[in-house]
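In the order they appear, the protein sequences are chains Z and U. Residue 1 is where the first sequence starts when you use our numbering, and the numbers rise one by one after that. Residue 143 is where the second sequence starts when you use our numbering, and the numbers rise one by one after that. Working notes, structure below.
2 protein chains.
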Amino acid sequence: MKKSATEILIEKNISITSPRVLIIEEILNNKNPISIEKLQKQLEGRVALSTLYRALNDLKSVEIIKEFTTTDSITVFEVADHDGSHHHHLFCTRCGDIIDINLSKKFEKNLDTEVVKIEKAFNFEIKDHTLELLGLCSKCVD
Amino acid sequence: MKKSATEILIEKNISITSPRVLIIEEILNNKNPISIEKLQKQLEGRVALSTLYRALNDLKSVEIIKEFTTTDSITVFEVADHDGSHHHHLFCTRCGDIIDINLSKKFEKNLDTEVVKIEKAFNFEIKDHTLELLGLCSKCVD
DNA sequence: AAAATAAATGAGAATAATTCTCATTTATTT
DNA sequence: AAATAAATGAGAATTATTCTCATTTATTTT
Chain Z
1 MKKSATEILI EKNISITSPR VLIIEEILNN KNPISIEKLQ KQLEGRVALS
51 TLYRALNDLK SVEIIKEFTT TDSITVFEVA DHDGSHHHHL FCTRCGDIID
101 INLSKKFEKN LDTEVVKIEK AFNFEIKDHT LELLGLCSKC VD
Chain U
143 MKKSATEILI EKNISITSPR VLIIEEILNN KNPISIEKLQ KQLEGRVALS
193 TLYRALNDLK SVEIIKEFTT TDSITVFEVA DHDGSHHHHL FCTRCGDIID
243 INLSKKFEKN LDTEVVKIEK AFNFEIKDHT LELLGLCSKC VD
């Protein structure tokens, strides 16, 4: 069911190199988005830092991965969803934890309707959206 | 109706200095979120760069302003909404334009309901949320 | 399968963004 | 108005990211 790093690279038609495979695998291994710092440590000795940055940009530009910035200004990456699906994020503003979440079908439908309104009102062509929920996780709440 | 920079500083109980006033005014002058680069140019000669960064952090920590990062990794600031109100953003992924938007009351209500579900499911205490819509503005669409 | 070509890597230098230091200035308190 | 506390400015220091280029690895051609 789940695609290997190599398969993903073939699909996007970019050449299969060891750093790219390692990086994709490392990101896939993490359930949740991973920071550059963590990636760097995990790949220490196997991928040069310059290559890490370059490869992340390459993978981003063919949309294999997505980059975003957390509320505390940390850059993180995740493997992009394929087929129409997508998900959102829940952030703990104290410990920095990030959790992937899915919204109900019904709510996503509501959201789509709202988006159409906005498109008309602002004469925009909306391609995507992200919803981020910010708060405290169970560990940090008390 | 709208508060002055000085009033805002008094309200948050931090001292009133010329750089802080200038920075808040500059951010208020922009309808939409403003980048550090733009702020820097606009305040050239009036506020030192080190002061700009420091003051932005100060203002952020008392929640006078909010910081976020655009899809193309540019850090921008806006004055925080007061009273319960809040708004969201529409991004043009080609020209980088950012527009403030408000969602319908009805939709925000739906969202709140959805948020409660997520809180329960993940045992999180959710304090805030942001919805970002990404697409092409009328100028960039063709 | 080997040779030729094209693309990607690694190491470190270069640049950009942000924070830090500390003497001086400005704001607040007494 | 004097004393104290806080913030500023200038530039140095640090951190994050990109760039350069000789070498290695992958892909294409024969």
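Just so it is clear, CB atoms sit at the ideal spot from N, CA and C, and this is done for glycine as well. Being a predicted model, the structure only gives us computed values, none of them experimental.
Helix, strand or coil at residue i [DSSP, three-state]
{"i": "Asp200 of chain U", "result": "helix"}
{"i": "Val218 of chain U", "result": "strand"}
{"i": "Phe264 of chain U", "result": "helix"}
{"i": "Lys281 of chain U", "result": "coil"}
{"i": "Thr148 of chain U", "result": "helix"}
{"i": "Glu114 of chain Z", "result": "helix"}
{"i": "Ser177 of chain U", "result": "strand"}
{"i": "Lys105 of chain Z", "result": "helix"}
{"i": "Lys12 of chain Z", "result": "coil"}
{"i": "Thr211 of chain U", "result": "strand"}
{"i": "Thr51 of chain Z", "result": "helix"}
Identity of the residue in the options nearest residue i by Cα
{"i": "His230 of chain U", "options": "U:His224, U:Phe219 and U:Asp242", "result": "U:Asp242"}
{"i": "Ile23 of chain Z", "options": "Z:Phe107, Z:Tyr53 and Z:Lys12", "result": "Z:Tyr53"}
{"i": "Leu181 of chain U", "options": "U:Ile216, U:Asn155, U:Ser203 and U:Ile156", "result": "U:Ile216"}
{"i": "Pro175 of chain U", "options": "U:Lys202, U:Phe210 and U:Ser160", "result": "U:Phe210"}
{"i": "Leu245 of chain U", "options": "U:Asp254, U:Arg188 and U:Ser146", "result": "U:Asp254"}
{"i": "His228 of chain U", "options": "U:Ile260, U:Arg188, U:Thr212 and U:Leu273", "result": "U:Leu273"}
{"i": "Ser160 of chain U", "options": "U:Ala147, U:Lys251 and U:Phe249", "result": "U:Ala147"}
{"i": "Thr70 of chain Z", "options": "Z:Cys95, Z:His82 and Z:Ile8", "result": "Z:Cys95"}
{"i": "Lys139 of chain Z", "options": "U:Ile260, U:Glu267 and U:Glu250", "result": "U:Glu267"}
{"i": "Glu261 of chain U", "options": "Z:Ile14, Z:Asn30, Z:Lys60 and Z:Leu90", "result": "Z:Leu90"}
{"i": "Leu170 of chain U", "options": "U:Asp214, U:Val218 and U:Ile156", "result": "U:Val218"}
{"i": "Lys144 of chain U", "options": "U:Asp223, U:Asp214 and U:Thr193", "result": "U:Asp223"}
{"i": "Asp72 of chain Z", "options": "U:Thr193, U:Asp225 and U:Lys202", "result": "U:Lys202"}
Sheet register partners of residue i (DSSP bridge)
{"i": "Ile23 of chain Z", "result": "According to DSSP, Ile23 of chain Z bridges with nothing at all."}
{"i": "Glu205 of chain U", "result": "Beta-bridge pairing links Glu205 of chain U to no other residue."}
{"i": "Leu28 of chain Z", "result": "Note: Leu28 of chain Z sits in no beta bridge, so no partner."}
{"i": "Glu274 of chain U", "result": "Z:Thr130 and U:His231"}
{"i": "Asp81 of chain Z", "result": "Answer is none; Asp81 of chain Z lacks a bridge partner."}
{"i": "Asp242 of chain U", "result": "U:His231"}
Buried versus exposed, by CB contacts within 10 Å (16 or more), residue i
{"i": "Ile10 of chain Z", "result": "exposed"}
{"i": "Val141 of chain Z", "result": "exposed"}
{"i": "Lys66 of chain Z", "result": "buried"}
{"i": "Asn123 of chain Z", "result": "exposed"}
{"i": "Val116 of chain Z", "result": "exposed"}
{"i": "Asp200 of chain U", "result": "buried"}
{"i": "His271 of chain U", "result": "buried"}
{"i": "Glu186 of chain U", "result": "exposed"}
{"i": "Ala121 of chain Z", "result": "exposed"}
{"i": "Ile240 of chain U", "result": "buried"}
{"i": "Thr256 of chain U", "result": "The question names Thr, yet the displayed sequence has Glu at residue 256 of chain U. Flag for Glu256 of chain U reads buried."}
{"i": "Arg162 of chain U", "result": "buried"}
{"i": "Asn252 of chain U", "result": "buried"}
7 Å Cβ cutoff met for residue i and residue j
{"i": "Cys92 of chain Z", "j": "Leu49 of chain Z", "result": "no"}
{"i": "Leu56 of chain Z", "j": "Lys269 of chain U", "result": "no"}
{"i": "Val62 of chain Z", "j": "Lys12 of chain Z", "result": "yes"}
{"i": "Glu168 of chain U", "j": "Gln184 of chain U", "result": "yes"}
{"i": "Ile64 of chain Z", "j": "Ile16 of chain Z", "result": "no"}
Residue i: CB within 6 Å of a non-hydrogen atom of the ligand COA
{"i": "Asp214 of chain U", "result": "Absent from the structure shown: the ligand COA. Ligands present: none."}
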